[in-house]
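Worksheet: one structure, shown below.
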Amino acid sequence: MLKSHFPQVIKDSKLNVETITNLLDFENKIAESKKAESAKESAAQDSKNSDSGDSGDSKLTQSQIDDLKNIQGYELTWTGKGIANAMYSAPTQELLKLESTQSKEADSTNNAIIIGDNIDALKLLKAAYYGKIKMIYIDPPYNTKNENFIYPDNFREDYIETLRKSGLLKYDDNGKEVESSELNFLKNILGTKSHSGWLSFMLPRLKLARDLLKSDGVIFISIDDNEQANLKILCDEIFGEDNFIETFLWNKTQTPPSASNKTRKTHEFIMCYQKYKDNKKMVARFAGGGDAPLWNETNSERILSFPGNYVATNLPNGIYKKGVRDKIELLDNVEVVEGKITNLFRLKGHFRWKQETLEKEIENNVYLVVKSNKFSIRYCREEERIVMPTNEISKRDGVGTNETASKELEKLMGAKVFSFNKPTSLIEYLIKIATNADTNDIVMDFFAGSGTTAHAVMELNAADNGNRQFILVQKPEEIDESKSKAAFDFCKNTLDSKSPKISDITIERVKRAAKNIEKNLSQSLVSQKIDLGFRVFSLDKKPAPLSDKKDTLKLYTKNSLTPLDKAINLALQSGKTLDKKLVEILKDRLYKCEDSYYLVKCDKEAMAILSDIKPVLFIDGYGDISLEDFLNLNLNANLNVIY
């Protein structure tokens, strides 16, 4: 129980009494009690010393002795930490709204992109996804001088009640609600690029992330020098020091700037924790052993077609022109990026296999490699080679740099729409060492940015016939034309976005990546249907009570949710994940998911169906249901009301 809810009290697999003492604040309470009890004694002793002419220079007062005894343990504190913890527990006032026109293959996909504040999205997902996410990767704000980012969580309108309960909102002599001096101070501190503001922003999100992880799930967090030290202590507190895996060093650039004061930085950090650290090795999987040539002089000449992003190569990055190359003819131009031939291509030569054999071998994950510009392709059927990753991630692991990422995205989008995005190969590498191809592992990124994580999941699934799923969350942050003109123009002109937002780029990048991957799929993988779709959800407010000017008439605000949206939210809050199929029983009124029913609107037809089956039933607390119908439902079903 302690390990589950308070991982920070476990160190070296043992109970850390000092941490528990600090957590419960025993020392402060004991010291305060002793100070209260000794106050009179100290005053009396001081008076006695004065009367006797004792200056007291060589003695400590009882109060000073108590202060010396009150030795506090090691912990990370900052202005606003208490409110940040309250934000973790405060309920969200948002609901999911399906955006069908922005989605791709919405009826069949298991993937999701949520557009909205990630703290709300994580809270919404918690009911259904608690303990179900295999891997989380996030690239949060680094809190640098160049970032246009502030951390306004604590002062949102839907958190007013929390501020009231904490005493930060008070009433003056006239009964008017006013901000306390403490709240004004917090606003000044947390509304700037301070360490306190950044930590207050991260704490509730990381706590929610931990809730969502499976027991063997892992989280990777990209960070730089600005907050790396603070993040390590914060994560030790949230995930537990014993669950720390590694701080990986990613070689982010081959051309570091020379304008820095002291050193030229070539690396960034990727911090990794496991929810409950186990004894299993973290491994990267590669094809094993020796390989053999596919070319064989005695076989007939034939043409073989190879899927994109499948064939490995030792060739440097670049475009290789079609033409005769020694014994083999390359029939298409090919592009090499970080150890992979990215496009579909054909080779003509005397090969051992026919196209049908090649398709079957690919289906069984045969390893194919081109080792030189002769394009004499080789294969390996041996069991995979399992390699423990080092703490440095670089080109030797097939992982690109920031420069690689920029070129990759610019080529896909046709414009330079994003700065400092991560290369797909980096996220693929992390997914390889954290997930399995065939166990429906869910990969989450709640700072989605340009959508690299979704791209990596789909590309890796196409390479190893995997069934991993992704969930992205991205805030609809407006793009400043004066600072990001290329991105603004792309959204405005290419995507026809009236108000360009980063989330527009997220969705479009995932769509284009899916289209590109589908184009390069081998025929066997096309028939097995790799999931290249996703459903897009935005966030909309829950109905909220309103009053007239005399405070006599109670009403509820309305939102734009459809009956299907309401059913999706009922299912989610009842514990059904978004990949579970929702079946419409009665149009716009009654839905079913697995063994549960969801009633959005009640009428005689719905009542007749429900009275016959006596189901586990969930209803919308704000729905159009009369008191009489509610009482009848309560008699004939296992009824649950969700607000």
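Each residue of the sequence shown is one higher than the one before, starting from 44 at the first, in my numbering.
All residues carry an ideal CB built from backbone N, CA and C; glycine is no exception.
What does residue i pair with, by DSSP beta-bridge criteria?
i: Tyr410; result: Cys423
i: Leu138; result: Asp583
i: Gly392; result: Arg345
i: Cys315; result: Phe263, Glu289
i: Glu372; result: Val367, Lys391
i: Glu435; result: Leu292
i: Val626; result: Lys635
i: Val155; result: What sits at residue 155 in the sequence shown is Ala, not Val. DSSP output for Ala155 lists Ile514, Arg578 as bridge partner(s).
i: Glu378; result: Ile362
i: Met178; result: Val261, Val486
i: Trp338; result: Phe394
i: Leu256; result: Ile176
i: Ala355; result: Lys383, Val412
i: Lys544; result: Glu521
i: Ile685; result: Asp663
i: Leu642; result: Leu633, Ile662
i: Lys147; result: Phe577
i: His310; result: Asn294
Rounded C-beta distance between residue i and residue j? I'm assuming under 8 Å.
i: Thr549; j: Ala491; result: 5 Å
i: Lys370; j: Trp338; result: 6 Å
i: Phe489; j: Asn161; result: 4 Å
i: Thr444; j: Gln297; result: 6 Å
i: Phe531; j: Pro519; result: Phe531 to Pro519, Cβ: 14 Å. No contact.
i: Asn434; j: Phe291; result: 6 Å
i: Ala651; j: Arg632; result: Ala651 to Arg632, Cβ: 12 Å. No contact.
i: Thr478; j: Lys177; result: 5 Å
i: Ile560; j: Leu575; result: 6 Å
i: Met314; j: Leu277; result: Not confirmed; about 10 Å, so no contact.
Grab me the residues of residue i's own chain with a C-beta within less than 6 Å of its C-beta, minus the 5 sequence neighbours each way, in chain order.
i: Leu469; result: Val442
i: Lys609; result: Val643, Asp663
i: Glu344; result: His393
i: Leu358; result: Val379
i: Gln512; result: Asn153, Asn154, Ile485
i: Ser237; result: none
i: Glu627; result: Tyr634
i: Ile346; result: Arg389, Lys391
i: Val684; result: Ile662, Gly664
i: Lys72; result: For Lys72, the predicted structure reports a pLDDT of 47, less than 50, and the residue's modelled location is therefore unreliable. A value from the coordinates is still provided. If we look at Lys72 and ignore the five residues flanking it on each side, it has no Cβ neighbours.
i: Asp667; result: Lys644
Going by beta carbon distance, what residues of the same chain come within less than 7 Å of residue i, once the five residues before and after it are set aside?
i: Phe418; result: Arg368, Ile371, Leu373, Leu390
i: Glu471; result: Ala499, Glu502, Leu503
i: Gly361; result: Val379
i: Gln398; result: Leu347, Ser348
i: Asp481; result: Gly509, Asn510
i: Asn286; result: Pro50, Tyr316, Gln317, Lys318, Tyr319, Lys320
i: Glu453; result: Lys459
i: Leu473; result: Tyr180, Phe263
i: Asn386; result: Gly351, Val377, Glu378, Asn563
i: Asp94; result: For Asp94, the predicted model reports a pLDDT of 49, less than 50, meaning its position is unreliable; a value from the coordinates is still stated below. Within the same chain, Asp94 has no close Cβ partners at all.
i: Arg253; result: Ile281, Phe282, Lys318
i: Lys554; result: Lys147
Going by alpha carbons, who is nearest to residue i out of the options?
i: Leu31; options: Ile157, Ser151, Met130, Ala127; result: Residue 31 is absent from the structure shown; the chain starts at 44 and stops at 686.
i: Glu446; options: Thr400, Glu471, Pro299, Phe580; result: Pro299
i: Tyr665; options: Leu613, Ile514, Glu521, Pro183; result: Leu613
i: Ala497; options: Ile514, Asp484, Thr482, Asn683; result: Ile514
i: Ser527; options: Gln517, Ile545, Pro519; result: Ile545
i: Ala587; options: Val626, Trp121, Leu138; result: Leu138
i: Pro658; options: Glu289, Asn376, Leu682, Lys177; result: Leu682
i: Ala133; options: Leu167, Asn479, Lys147, Leu274; result: Leu167
i: Lys630; options: Thr605, Tyr117, Phe673; result: Thr605
i: Lys541; options: Glu289, Val354, Glu524; result: Glu524
i: Asp321; options: Glu453, Gly260, Leu676; result: Gly260
i: Leu653; options: Leu676, Lys572, Phe533, Gly576; result: Leu676
i: Val412; options: Tyr422, Lys403, Val516; result: Tyr422
i: Ile405; options: Val354, Asp655, Leu165, Phe282; result: Val354
i: Asn416; options: Thr467, Asp440, Ser449, Tyr363; result: Tyr363
i: Ser639; options: Asp646, Gln616, Cys645; result: Gln616
i: Arg552; options: Arg439, Asn602, Ala448; result: Ala448
Leaving out five residues on either side along the sequence, give the residues of the same chain with a beta carbon under 8 Å from the beta carbon of residue i.
i: Glu637; result: Lys619, Lys623
i: Tyr131; result: Leu246, Pro247, Lys250, Leu251
Are there any heavy atoms of the ligand FAD lying less than 7 Å away from the beta-carbon of residue i, as far as the coordinates show?
i: Asp583; result: Among the components of this structure there are no ligands whatsoever, and the ligand FAD is therefore not found.
For residue i, would you say it is in contact with chain D, using Cβ-to-Cβ distances shorter than 8 Å as the test?
i: Tyr410; result: You won't find chain D in this structure, because it holds only one protein chain.
For the pair the stretch 614 to 621 and the stretch 171 to 184, tell me if three or more CB-CB distances fall below 8 Å. With the cut-off at 8 Å, the stretch 614 to 621 and the stretch 171 to 184 touch.
Are the stretch 258 to 278 and the stretch 494 to 507 in contact at 8 Å, needing three or more beta carbon pairs? The stretch 258 to 278 makes no contact with the stretch 494 to 507: fewer than 3 CB pairs, one atom from each, lie closer than 8 Å.
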